[in-house]
Amino acid sequence: MRSHLTPNGLLFLTLSDETCSFEEFFPGFEESTAHADFTELPLRRPLKYIADNNWKATVDAYQECLHCAYAHPEFAKTFKPAGYKVINKHNYSQHIATATGADDGLFFFLFPNCSLSLYAGGLTCWRINPSKKPEQARMEFDYYHKAPAGSDEFEKWYDFTRNVAVEDIELCEKTQANLNVGIYSEGLLNPQKENGVIYFHSRILELCSAQMEKDEAMQSPGRSFGEREPPLSKGLTSY
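The opening residue of the sequence shown carries number 47 in the working numbering; numbering runs sequentially from there.
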């Protein structure tokens with residue numbers, strides 16, 4: 047196991063000794079978050095549950111804000127959807143949202159299944175893990191705040207940010223229900239407003255295609271079954 051601690055208090059772990067350096071995997075991330083001091087935000091409330099949608103549907107929802115105006119009305123009062131944009135970098139996306147009457151938020155998607163959302167005085171970190179059932183995901187939320195759990199300040203912030211998450215859950219589960227019955231057809235994504243989704247899909251396709259090619263090569267004539275490598279290649283290991 048290897049670890050990396052950022053100067054402002056974020057700890058990253060990897061189980062592989064073959065993983066590249068943190069800066070190589072997330073270039074520029076420390077500079078992008080340098081103005082935030084995460085050491086001032088203790089963990090106040092963890093939360094785990096099963097969502098009835100594939101994990102990638104949750105990432106899709108996070109990676110765009112076209113739906114924010116009507117799906118997240120309270121969030122949209124503070125962070126105007128019209129000025130919301132996503133900047134895709136290497137293995138992560140930075141979301142830019144200008145706040146009205148408050149500090150600007152700090153939002154990051156860390157490929158493949160993690161987010162950091164710092165706004166309204168607290169930090170939310172979620173991890174969306176695949177489950178044994180493709181139509182379900184294991185959700186892990188961690189809520190960090192200066193104020194202790196149970197205080198009016200924390201509970202007001204928690205209710206606000208948790209409400210956004212619940213609104214997304216409802217959207218994602220309805221999306222999954224429609225996927226299950228096959229009513230969706232292929233279409234185009236908006237290259238300006240949905241570029242975060244495009245980036246996520248592209249990375250998934252890139253890595254899955256590379257792994258498939260490697261698996262097919264390992265199964266080529268002349269190699270025995272015992273010579274095959276594990277399904278997870280070095281190229282897929284990450285922090």
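Positions of the beta carbon are idealized from the N, C-alpha and C atoms, including for glycine.
Predicted model, so just to flag it, every value in this text is computed and none were measured.
Pull the bridge partners of residue i from the DSSP assignment, please.
| i | result |
| --- | --- |
| Y245 | Paired residues: none, contrary to the question. |
| S49 | L59 |
| K131 | I142 |
| F155 | S139 and S161 |
| K94 | E186 |
| I174 | M185 |
| F125 | A145 |
| L253 | In the DSSP output, where bridge partners are listed per residue, L253 has none listed. |
| G168 | Y165 and H191 |
| L89 | Y190 |
I need the straight-line Cα distance from residue i to residue j, nearest angstrom please.
| i | j | result |
| --- | --- | --- |
| M264 | E252 | 19 angstroms |
| E110 | F157 | 15 angstroms |
| Q257 | E213 | 35 angstroms |
| H118 | H50 | 34 angstroms |
| L217 | C171 | 19 angstroms |
| N175 | R48 | 21 angstroms |
| L56 | S266 | 44 angstroms |
| A195 | L93 | 13 angstroms |
| I133 | T146 | 21 angstroms |
| D106 | E259 | 26 angstroms |
| R274 | S67 | Because R274 carries a pLDDT of 48, less than 50, the predicted location of this residue cannot be relied on, and the following value inherits that uncertainty. Each residue's Cα considered, the two are about 27 angstroms apart. |
| Y60 | Y116 | The sequence as given places Thr at residue 60; Tyr does not occur at that position. About 38 angstroms. |
| S161 | E76 | 15 angstroms |
| K280 | A122 | Below a pLDDT of 50, predicted positions are generally treated as unreliable, and K280, at 43, falls in that range; the measurement from the model is reported next regardless. The straight-line gap from Cα to Cα measures roughly 41 angstroms. |
| E201 | H191 | 10 angstroms |
| A211 | S255 | 32 angstroms |
| Y230 | G74 | 37 angstroms |
| E240 | S197 | 38 angstroms |
| M185 | R173 | 6 angstroms |
| F71 | N137 | 7 angstroms |
| N54 | L112 | 31 angstroms |
| F155 | Y108 | 8 angstroms |
| W101 | K179 | 10 angstroms |
| E120 | I215 | 16 angstroms |
| Q238 | E181 | 29 angstroms |
For the alpha helix (DSSP H) containing residue i, list its first residue and its last residue.
| i | result |
| --- | --- |
| L225 | D198 to V227 |
| F71 | F68 to F71 |
| C111 | First-last for C111: undefined, no H or E at that position. |
| E77 | F75 to S78 |
Since residue i contacts residue j with CB under 8 angstroms, what's their CB separation in whole angstroms?
| i | j | result |
| --- | --- | --- |
| Y189 | R91 | 4 angstroms |
| C114 | Y130 | 7 angstroms |
| D98 | E219 | 5 angstroms |
| T79 | L152 | 7 angstroms |
| T104 | A183 | 6 angstroms |
Ends of the beta strand (DSSP E) at residue i?
| i | result |
| --- | --- |
| A103 | Unbroken run through A103 is the alpha helix (DSSP H), W101 to Y108; no beta strand (DSSP E). |
> If we count Cβ pairs, one from each stretch, closer than 8 angstroms, do we get three or more for the region 225-235 versus the region 114-127?
Replying inline: no
> At a cut of 8 angstroms, does the region 204-221 reach the region 153-170 through at least three beta carbon pairs?
Replying inline: yes
>> Measuring CB atoms only, is the region 129-149 touching the region 212-227, in the sense that at least three cross pairs come out at less than 8 angstroms?
In response: no
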